[in-house]
Each structure stands twice: as C-alpha cells, then as structure tokens.
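Single-structure report; data block below.
Numbering (the working numbering), first residue to last: 37 to 262.
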C-alpha cells in the first residue's frame, strides 16, 4: 500500500542511471524493499519493491530522491529530440568534451527549461540555475569550465540535489545522461565536484540571462514536436 501526502514523495534508491532512446525512460531505477525514510518535511513514506540488481550498488543513492526525479528521464528524452545547432552554445571549446555528443553545448538551454518544469514541484526559494565549473573531486582540475545545471537546496547544504541532464558530454559522466544526486554523493560516488562559482540564479533571474533567445528556440522545437 502506498501512502502519499501532497504531490511529492521521497523515494529510496530512485537513481536515474540512463535513458532508453526508444521510450525516454530511465534504464535503471533501483528501489529498495520496504519503506522509504521520512523526509525532513514529514512526508509519508512510500512502499517500494522494484529492484534493479544489475546496477552497481555504489551508484545507488544513500538518501531517498523526490517524486519529481521520476520525470527527469522523460525530460531528457524530450530535450534531446528538440536540441539543434540554434539551441547549442558554442563558446570556448572544452578539452574534455566529446565533440560528437548530442548534449554538447546544450547545458544552459536545458537547465533553463528544466527550471520551468520543476518550479511547480519544489520550493522556489531552493531552486537554482547554476553556472560554473565541474572539477575532479578534491582538485581544481576542471572537466568543464563553463557548465550549467540545476540545484535544489541552498548552497551551504551538502545534501542539495545536483540535477544535470547534459553531463554525459564528458567521459566521467558518459553513462549519466540523467544525473540527480545529493552534492556530497556526487563527490563520493562519481568523483566530480559541481561548483557554481560563476552564477547561481533564482528562477526569476533566469529570465534576464543570455540563454533566453536559445530557450525560445528550444520551446518552439518542443511545441512542434521536433
């Protein structure tokens, strides 16, 4: 039996590992048996029985993920069908970026679009459009020097969620076209450090960002089903 309160339920082990191109669904969404732990907000637990044993255990989150994380695989599938040269940002070449990756240069426009999808499901005061570096954990060796992603949670919170739908453009995240993990688990499990050291924008401020013209193109592509 599943008990829910409001629209968001935190799930144990809902790790979004990849996307099936045919369906847009995640290829691995491991769930632990029993009940997910209660969130800090006191939401009711959900009974979880699905298990994906082929996924390495070290990639399963230690903490439950929110209900909205279930849609991220579908979001990535929709975005990848709407990306184009007109939505891509072609700035300074990044040495570790796979130039053949479909997500190359699509981080800004995808993150700006994702903000709009999440704003109805999370507290707006904790939702941020982030711009900065992706480092190798424990170093200042940059894998990406001008990357965009979304975070849910305050900057000082080690368990804030890092949500990246374009990280697979670099080798260390190649198997993670959909990434949603607490920041400290990204550090420990994936060996990368997302640092929003260029900008951290509230949703209302994204409307003033230079990404807006490309976002309009993306939204038009999505509306036409491209």
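Cβ coordinates follow ideal geometry from the N, Cα and C atoms, glycine included.
| message | Is the beta carbon of residue 228 closer than 8 Å to that of residue 208? | response | yes
| Could you give the residue range of the alpha helix (DSSP H) that holds residue 183? | Careful: residue 183 lies outside any alpha helix (DSSP H), inside the beta strand (DSSP E) at 178-188.
| request: With a 10 Å radius around its C-beta and 16 neighbouring C-beta atoms as the bar for buried, classify residue 187 as buried or exposed. | output: buried
| query | Does DSSP classify residue 245 as helix, strand or coil? | reply | coil
| message | Measuring CB atoms only, is the region 95-112 touching the region 123-136, in the sense that at least three cross pairs come out at less than 8 Å? | response | no
| message | Check for me: the alpha helix (DSSP H) holding residue 114 runs from which residue to which? | response | 108-118
| message | Which of the three DSSP states is assigned to residue 169 in this structure? | response | strand
| N- and C-terminal bounds of the beta strand (DSSP E) containing residue 154 | Per DSSP, residue 154 belongs to no beta strand (DSSP E); it is in the alpha helix (DSSP H), 143-154.
| query | Identify the residues that DSSP records as bridge partners of residue 263: which are they? | reply | The question about residue 263 has no answer here: the residues shown for the chain are numbered 37 through 262.
| Excluding five sequence neighbours on each side, which residues of the same chain lie with their C-beta closer than 6 Å to the C-beta of residue 235? | 167
| request: To the nearest angstrom, report how far apart residue 244 and residue 102 are at their CA atoms. | output: 29 Å
| said: For residue 119, which residues in the same chain have their Cβ closer than 6 Å to its Cβ, ignoring the five residues on either side in sequence? | reply: 142
| query | Are three or more beta carbon pairs between the region 173-183 and the region 242-262 nearer than 8 Å? | reply | no
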